[in-house]
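Student: Counting in full-length UniProt numbering, the sequence shown runs from 1 upward without gaps.
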Amino acid sequence: MTFSPQKNTSIIKYEAFDHIKFWVGNAKQAASFYCTRLGFEPYAYKGLETGSRSIVSHVVRNNDAIFCFESALLPNNHEMGEFLSLHGDGVRDISFTVDDAKLCYEIAVSKGATPVSKPHVEADENGKVVLATISLYNGTNHTFIERKDYKGTFLPGYKLFDADPLLKSLESIEINYVDHCVSNQPADQMNAVCEKYENILDFHRFWSVDDKDIHTEYSSLRSVVMADSIEKIKLPINEPAEGIRKSQIEEFVEYYGGPGIQHIALNTDNIIETVEKLTRRGADFLATPKSYYDNLRIRLKNQAGSLKFQVKESIDDLERLNILIDYDENGYLLQIFTKPLQDRPTLFVEFIQRRNHNGFGAGNFKSLFESIEREQSIRGNL
1 MTFSPQKNTS IIKYEAFDHI KFWVGNAKQA ASFYCTRLGF EPYAYKGLET
51 GSRSIVSHVV RNNDAIFCFE SALLPNNHEM GEFLSLHGDG VRDISFTVDD
101 AKLCYEIAVS KGATPVSKPH VEADENGKVV LATISLYNGT NHTFIERKDY
151 KGTFLPGYKL FDADPLLKSL ESIEINYVDH CVSNQPADQM NAVCEKYENI
201 LDFHRFWSVD DKDIHTEYSS LRSVVMADSI EKIKLPINEP AEGIRKSQIE
251 EFVEYYGGPG IQHIALNTDN IIETVEKLTR RGADFLATPK SYYDNLRIRL
301 KNQAGSLKFQ VKESIDDLER LNILIDYDEN GYLLQIFTKP LQDRPTLFVE
351 FIQRRNHNGF GAGNFKSLFE SIEREQSIRG NL
């Protein structure tokens, strides 16, 4: 496991994740699910009523975590139809807020990115936004969004969406922002994709683990986290390593029809409260065996003298809620993963709380893999 600090020398100036765009069969229903089950709130809308004749968009948000769900309005949208036939509901675009979208696009394309949409201006009475889209691998795009001259709702052409009265009866969920987005790649493709992020988008290798670190009885993986120069945007990239059974990465690639976004991690300040509320909303999380927490108590006790922190949360509460913990000598993180959010065993969501720890739960990968393998076995895919 390695960490690689980076000096801020990139010409491309990223600010943060802007939003994540999903292509789905029914945007209205998908947005409602993410609001009622996962704590988002309706934010913006674009459709027939706003003059959009071919695409409908329902945008939901929780503070700086913004998801946009899009569907076709007409039956002959071949691009969306082919995407949904191959992938099912999934992430189409991970957008970045940047200071100069045209420059970002020109640099990326000059270095080998696939152009998807040239820089163009969208405007309304609230100002203007510059957008440009590229792709580094099949199925997933990146849009550069320059919004410093825009003060409106989400993007031009959208209107504020009315609050769902049902949500007023539910406990509010506090999410801060998108912590990271993880992609799964087919075998032996990870390094090539990482090199594209390095050479084309000026990302750097922030963190990595290999199959010596991450394996179970049946399967293993390799993972590299790519980050922008100021490390606001982090994109872990996984690939399967050789194992005796089908790994969760291979299962994803099979059912998604290729590489794509496996999960989105959402940062929260109080994961215990968040998970309690989400559970009452019906969110379905992966289970963790009792032995994990028994071993955790022993490890924390034996290492107490070398750790510069104390776990503030009750281990009993973590066990009750199936929350995982990973740590080094300086701090720790808490994380939990939902089961897949659609019928295909593809996309899921992670909730993560960080306490002076910038890792990605390497100490939990084995436990996570084993939990997913139990689900794979139930599905007949192990």
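Cβ coordinates follow ideal geometry from the N, Cα and C atoms, glycine included.
1. If you draw a straight line from the alpha carbon of isoleucine 145 to that of aspartate 89, how long is it in whole angstroms?
2. Output the residue ranges of the beta strand (DSSP E) runs that lie fully inside the UniProt domain "VOC" (16-147) and measure 3 residues or longer, sorted by chain position.
3. Within 8 Å, do at least three Cβ pairs link the region 117-128 to the region 66-78?
4. So, with DSSP's three-state summary, where would you put tyrosine 158?
5. Which value, in whole angstroms, describes the spacing of the CA atoms of proline 240 and glutamine 185?
6. Kindly confirm or deny that the region 41-58 and the region 105-113 touch, where touching means at least three C-beta pairs closer than 8 Å.
7. CA-CA distance, residue 402 and glutamine 303?
8. Taking isoleucine 378 and asparagine 267 to be in contact with their CB atoms under 8 Å, please state how far apart those CB atoms are, rounded to whole angstroms.
9. Check whether the region 224-239 touches the region 8-18, counting contact only when three or more Cβ pairs, one atom from each stretch, lie closer than 8 Å.
10. Decide yes or no for the touch test of the region 274-287 against the region 159-168: beta carbon pairs closer than 8 Å, at least 3 of them.
11. If you follow the alpha helix (DSSP H) that aspartate 317 is in, where does it begin and where does it stop?
12. With a cut-off of 8 Å, does the C-beta of alanine 16 fall near any C-beta of chain B?
13. Do tyrosine 34 and valine 60 have their C-beta atoms within less than 8 Å of each other?
14. Taking the alpha-carbon positions, what's the phenylalanine 203 to tyrosine 177 distance?
15. When burial is assigned at 16 or more other CB atoms within 10 Å of the CB, is alanine 287 buried or exposed?
16. Output the distance between the C-alpha atoms of serine 306 and tyrosine 332, rounded to the nearest integer angstrom.
17. Using only the alpha-carbon positions, how far apart do proline 289 and lysine 246 sit?
18. Between which two residues does the alpha helix (DSSP H) harbouring valine 311 extend?
19. Let me know the secondary structure DSSP gives lysine 234 once reduced to three states.
20. Once the 5 residues before and after leucine 341 are set aside, which same chain residues still bring their CB inside 7 Å of it?
21. Measuring only the C-alpha atoms, how far is valine 311 from glutamate 174?
22. What did DSSP end up calling phenylalanine 252 once you bin it into helix, strand or coil?
23. I need the DSSP call for asparagine 302, collapsed to helix, strand or coil.
24. Quick check on the burial criterion: 16 or more other C-beta atoms within 10 angstroms. Buried or exposed for threonine 50?
25. Quick one: what's leucine 334 bridged to in DSSP?
26. Name the DSSP beta bridge partners of glycine 260, please?
27. What is the DSSP secondary structure of arginine 205, counted as helix, strand or coil?
28. Alpha carbon to alpha carbon, how far is isoleucine 336 from arginine 297?
29. Check for me: the beta strand (DSSP E) holding leucine 221 runs from which residue to which?
30. Going by beta carbon distance, what residues of the same chain come within less than 8 Å of glycine 258, once the five residues before and after it are set aside?
31. Comparing alpha-carbon positions, which option in Ser291, Asn295, Glu313, Thr279 lies nearest aspartate 269?
32. Please return the same chain residues whose Cβ sits closer than 7 Å to the Cβ of asparagine 62, not counting the five positions on each side in sequence.
Tutor: Walking through what the data contain:
1. Approximately 23 Å between the Cα atoms of the pair.
2. Taking only runs of at least 3 residues, the beta strand (DSSP E) segments lying wholly in the UniProt domain "VOC" (16-147) are 41-46, 55-62, 65-72, 90-98, 114-124, 127-137, 140-146.
3. Verdict: no, contact absent.
4. Coil at tyrosine 158, not helix or strand.
5. C-alpha separation (whole angstroms): 8 Å.
6. Cβ pair count under 8 Å is below three, so no.
7. Nothing can be reported for residue 402: it is not among the residues displayed for the chain, which extend from 1 to 382.
8. The Cβ separation is near 30 Å, so there is no contact.
9. Cβ pair count under 8 Å is three or more, so yes.
10. No, because fewer than three Cβ pairs between the region 274-287 and the region 159-168 fall closer than 8 Å, the two stretches do not touch.
11. Aspartate 317 -> alpha helix (DSSP H) spans 315-321.
12. The chain labelled as chain B is not found in the depicted structure, where only one protein chain is given.
13. The answer is yes: Cβ separation under 8 Å.
14. So the two alpha carbons sit approximately 20 Å from each other.
15. That one is exposed.
16. C-alpha separation (whole angstroms): 14 Å.
17. Taking the straight line joining both Cα atoms gives about 22 Å.
18. Under the DSSP assignment, valine 311 falls outside any alpha helix (DSSP H); it carries neither an H nor an E label.
19. Strand at lysine 234.
20. Leu347, Phe348, Val349, listed in sequence order.
21. Here the alpha carbons of glutamate 174 and valine 311 stand approximately 21 Å from one another.
22. In the structure shown, phenylalanine 252 sits in a helix (DSSP, three-state: H, G or I).
23. Judged by DSSP in its simplified three-state form, asparagine 302 adopts helix.
24. Exposed, because fewer than 16 other Cβ atoms sit within 10 Å of the Cβ of threonine 50.
25. BP columns for leucine 334 point to Ile325, Gln353.
26. Note: glycine 260 sits in a beta bridge opposite Asn184.
27. Assignment of arginine 205 by DSSP, reduced to helix, strand and coil, places it in the strand class.
28. Rounded to the nearest angstrom, the two C-alpha atoms are 18 Å apart.
29. Annotation: the continuous beta strand (DSSP E) that includes leucine 221 extends over 220-227.
30. Residues Leu86, His87, Asn138, Gly139, Pro186 of the same chain have their beta carbon placed closer than 8 Å to that of glycine 258, with the five preceding and five following residues left out of the count.
31. Cα-wise, what sits closest to aspartate 269 is Glu313.
32. So the list reads Gly39, Phe40, Glu41, Ile173, Ile175, once near-sequence residues are dropped.
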